[in-house]
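Here UniProt numbering is used: the first residue of the sequence shown is 1, the next is one more, and so on. The beta-carbon is built from N, C-alpha and C at its ideal position, and this holds for glycine as well. Computed from a predicted model, the values in this text were never measured in an experiment. Written below as structure tokens is the structure these notes are about.
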Amino acid sequence: MNYLYDHYIKNKEQQKWFEVIDALAVKFAERADTYDQEGRFPFENVDELKNAGYLSLTIPKEFGGEGLSLYEFVLLQERIAAGDAATALSLGWHLGCFLELAEERTWNEDMLRTLCEKVVQDQALINRAATEPATGSPTRGGMPQTKAVKEGDHWVINGTKTFTSMAPALDYAIVSAQVGDTGKKGNFLIPMHAKGVTVEETWDTVAMRGTRSDDLVLKDVKVNESALVEEDRGKSELPKAWLLHIPACYIGVAVAARNEAVHFAKTYRPNSLPGPIGEVPEVQRKIGEMELELFKARELMYSVAARWVNEPGARMEMGPSLMAVKHVATNAASKVVDLAMRIVGARSLAMSSPLQRHYRDVRAGLHNPPMDDIVISSLANRALE
Ligand SMILES: Cc1cc2nc3c(=O)[nH]c(=O)nc-3n(C[C@H](O)[C@H](O)[C@H](O)COP(=O)(O)OP(=O)(O)OC[C@H]3O[C@@H](n4cnc5c(N)ncnc54)[C@H](O)[C@@H]3O)c2cc1C
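This is the structure:
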């Protein structure tokens with residue numbers, strides 16, 4: 001029994017998956033500091049997730065996947081993140097990609113089926129490479145400098161993408177680019193083994209080091225006509241509910257920090273006190289504040305995820321609510337990590353303490369989409385409409 005999770009596990013299938021992921025997350029937590037300190041991609045964790053069939057979680061059943069919904073996706077991602085945040089964020093991009101494709105069905109069905117089969121049968125890993133130095137975050141609407149030019153029945157693609165999570169482990173990247181002279185954006189499915197695709201190891205950050213969000217360089221990459229899998233669809237797109245894996249990830253970081261601080265409060269007994277510091281009112285106040293922040297963020301995230309699943313007719317209107325979850329959760333997570341470190345004191349700054357990793361990792365949430373200012377303006381626009 002774990003009151004943090006039990007309340008959100010609603011049926012036997014969720015329970016079954018949760019137990020599998022819970023056992024793996026315990027192992028991920030043991031390795032997290034090593035991957036972080038060495039700045040390496042957690043191949044071992046991802047192999048274990050592959051063996052558990054996790055890569056097929058959000059692939060529709062008709063294509064051989066598990067067909068699980070946004071709700072289960074978020075629940076399991078949160079648990080992985082409490083073990084290792086970099087593993088969770090990485091897998092979140094892959095699974096989120098398939099959840100979006102399953103719900104929107106904008107791809108040619110044969111292309112979608114083929115890609116899904118590559119995941120189900122060969123455990124292929126996929127991510128979107130949408131960020132570039134000149135555009136910054138793609139959510140701000142900049143035009144990619146990566147260009148796709150039509151030559152006969154092929155596309156030839158040139159450009160550089162930054163922040164490509166899982167770069168050393170990917171099998172395919174869905175790359176945004178200008179489509180010929182149309183002045184429009186499109187997304188191209190590029191096999192990582194295609195001639196002209198290279199990874200430049202530029203990922204040297206303090207946060208989420210294990211994601212290996214390196215640069216993806218495309219030099220005269222030649223792909224079939226059918227590689228153009230998505231064309232700009234203007235404003236009719238569904239809100240990007242799959243991005244809830246981001247708040248789930250940073251809530252997981254906060255839960256790990258909270259667990260560490262609560263354990264410390266129960267066991268640290270300085271000789272100036274008759275018992276552990278958990279008996280001190282000020283420490284209890286901080287623990288209560290952590291619980292409050294987590295309660296708010298998690299209730300909001302799970303209720304919005306459940307609404308998305310249970311009320312498909314409401315989806316088009318849910319953009320601002322989904323964005324609000326991200327804002328509330330990532331800021332709450334930062335506050336929880338801060339409180340956890342205040343409870344533990346200077347020991348939280350030791351390189352051997354997982355809290356210093358959580359402190360660095362939780363900051364990355366602020367720079368994953370949607371950014372706080374975009375969330376606030378979207379809520380304001382809804383109110384003013
Ligand atoms: C750990 C991690 C993993 C990631 N993984 C991926 C991935 O797999 N694939 C991928 O495509 N991307 C990925 N990203 C990139 C991410 O989605 C963002 O594109 C990236 O973090 C850059 O965002 P930014 O806000 O810092 O950059 P910018 O958009 O350059 O913004 C920098 C600052 O400029 C200001 N600013 C810029 N433009 C505007 C504007 N139009 N209006 C107002 N203010 C503006 C804001 O103050 C902002 O803070 C990842 C990022 C991180 C941190």
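- The DSSP-derived three-state label of Thr58 is coil.
- In this structure the region 235-251 touches the region 328-335; the number of beta carbon pairs closer than 8 Å is three or more.
- Residue environment: Asn45 is assigned as buried (16 or more neighbouring CB atoms within 10 Å of its CB, all protein chains considered).
- The region 191-200 and the region 220-231 touch, with no fewer than 3 CB-CB distances between them shorter than 8 Å.
- By the Cβ neighbour-count rule, Phe98 is buried, with 16 or more other Cβ atoms within 10 Å of its own.
- Contact between Leu101 and Trp107 holds, with the beta-carbon distance rounding to 6 Å and staying under 8 Å.
- Proximity of the beta carbon of Thr131 to ligand 1 is indicated: a heavy atom of the ligand is located closer than 6 Å.
- Spatial neighbours of Ala25 in its own chain (CB-CB distance under 7 Å, excluding positions within 5 residues in sequence) are listed in chain order as Arg79, Ile80, Ala82 and Gly83.
- Between Ile21 and Leu55 a beta carbon distance of about 13 Å is seen, past the 8 Å cut, so the two are scored as non-contacting.
- Restricting attention to Met301, Lys240, Ala86 and Glu260, the CA atom closest to the CA of Pro369 is found in Lys240.
- For Arg209, the number of other beta carbons within 10 angstroms of its own is at least 16, and it is reported as buried.
- Partner residues in the beta bridge of Arg128, as assigned by DSSP, are Ile174.
- Secondary structure at Leu238: coil, using DSSP grouped into helix, strand and coil.
- Only exposed fits Asn381, as fewer than 16 other CB atoms lie within 10 angstroms of its CB.
- Annotated three-state conformation of Lys266 is helix, per DSSP.
- For the pair of segments examined, the region 276-287 was found not to touch the region 357-368: the number of CB pairs separated by less than 8 Å stays below three.
- Here Lys147 is near Gln178, since their CB atoms are less than 7 Å apart.
- Under the three-state reduction of DSSP output, Leu189 falls in the strand class.
- For Leu125 against Asp171, the beta-carbon gap comes to about 5 Å, under 8 Å, which counts as contact.
- Bounds of the alpha helix (DSSP H) holding Ile287 are Pro281 to Asn310.
- Under DSSP, no beta-bridge partner is assigned to Asp6.
- Here Thr34 is not bridged, per DSSP, to any residue.
- Taking the C-beta atoms as reference points, Leu238 is found nearer than 7 Å to Glu104.
- Straight-line spacing of the CA atoms in Asp36 and Pro281 works out to 35 Å.
- DSSP links Val179 through a beta bridge to Ala148 and Lys184.
- Runs of the alpha helix (DSSP H) lying entirely within the region 48-97, each at least 4 residues long, are 70-83 in chain order.
- Taken from the Cβ of Ala364, at least one heavy atom of ligand 1 lies inside 6 Å.
- The DSSP-derived three-state label of Thr114 is helix.
- The C-alpha of Val375 lies about 20 Å from the C-alpha of Leu294.
- When DSSP reads this structure, Val221 sits in a beta bridge with Ile157.
- Going by DSSP, Val206 is part of no alpha helix (DSSP H) at all; its letter is neither H nor E.
- Within 6 Å of the C-beta of Ser213 there is at least one heavy atom belonging to ligand 1.
- Burial check for Arg269: the Cβ neighbour count within 10 Å stays below 16, so the residue is exposed.
- Not one heavy atom of ligand 1 sits closer than 6 Å to the Cβ of Met290.
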